[in-house]
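Residue numbers for the sequence shown follow my numbering, beginning at 1 and rising by one.
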Amino acid sequence: KCVISLLFLFTAAYGVSDEFKNALRMKMATFASACISEVGAGEADITDLVRKRIPSTREGRCLISCLQKKFGLQQSDGQPDRLGTMALLEPLHDDDPEMYKKVLQVAITCGPLVEKMKLTDACDVAVEVTTCAMREGKKFGLEDPFGLNR
C-alpha cells in the first residue's frame, strides 16, 4: 500500500472514481511486490512508506525509485520522466479535473526542481521527488486523495 511521489501525496477521496482508485491500487500492489523483491526492501522500509516516511535504508530508498520507474515517473537513468508523468496523470484529467490541476502543479514544480539538483543516483532522485511532492502537495491540501492508504 505504499504510495510514491505524486501518488504518495493523497488522503481524501475527493471526486476520484472508485474505478480509478481501484486501478491504481491494483497497479501499486503488482509493482510493489516486484520492487520489494527487486531491491531487497525489508519490512521496516515498507512500514516507513505506509506511514508516509522516507525509509532510512538504501533498499527502502531504492524501493521508491523502482516504483517511480514502474509507474513511468522516472526514466531508466533515474531522472524525472515528464512524458511518463503526463501519461500517468492523463486518466485523472477526465475523472477529477480539479485534482488533476493540483497534482499537475506539483509535478510541474517538483520535476524541474529535482532536475536542477544534478543528482546521479536514481534512488536519491526518487527520494527528492517524493519529498518535494509531499511538501508541495500539502500546499494544495493533497495527502492521499485516492484513498490508497485506507
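Quick reminder that beta carbons are idealized off the backbone N, C-alpha and C, glycines included.
By a C-beta neighbour count over all protein chains shown, 10 Å radius and 16 as the cutoff for buried, is residue i buried or exposed?
i: Ile155; result: Beyond the ends of the chain as shown, which are 1 and 150, falls residue 155; an answer cannot be given.
i: Lys69; result: buried
i: Glu136; result: buried
i: Pro101; result: This sequence places Lys at residue 101; Pro is not what is there. Lys101 is exposed by the Cβ-count criterion.
Could you compute how far the alpha carbon of residue i sits from the alpha carbon of residue j?
i: Ile158; j: Asp94; result: The question about residue 158 has no answer here: the residues shown for the chain are numbered 1 through 150.
i: Lys52; j: Val129; result: 14 Å
i: Leu148; j: Lys27; result: Because the pLDDT of Leu148 is 43, which lies under 50, any placement of that residue in the model is unreliable, and the number read from its coordinates should be weighed accordingly. Near 11 Å, if we compare the C-alpha coordinates of Lys27 and Leu148.
Checking 8 Å against the spacing of the C-beta atoms, do residue i and residue j come in under that value?
i: Ala32; j: Leu67; result: yes
i: Ala23; j: Ser65; result: no
i: Leu89; j: Leu113; result: no
Nearest to residue i by CA position, among the options, is which residue?
i: Gln79; options: Asp48, Lys21, Asp121 and Ser17; result: Asp121
i: Ala87; options: Glu98, Val39, Leu73 and Met99; result: Leu73
i: Arg61; options: Ala29, Thr131 and Arg135; result: Thr131
i: Cys110; options: Asp96, Cys123, Leu89 and Arg82; result: Arg82
i: Thr47; options: Gln105, Leu63 and Ala34; result: Leu63
Residue i and residue j look like a contact to me (Cβ under 8 Å); what is the Cβ gap, rounded to whole Å?
i: Pro91; j: Phe20; result: 6 Å
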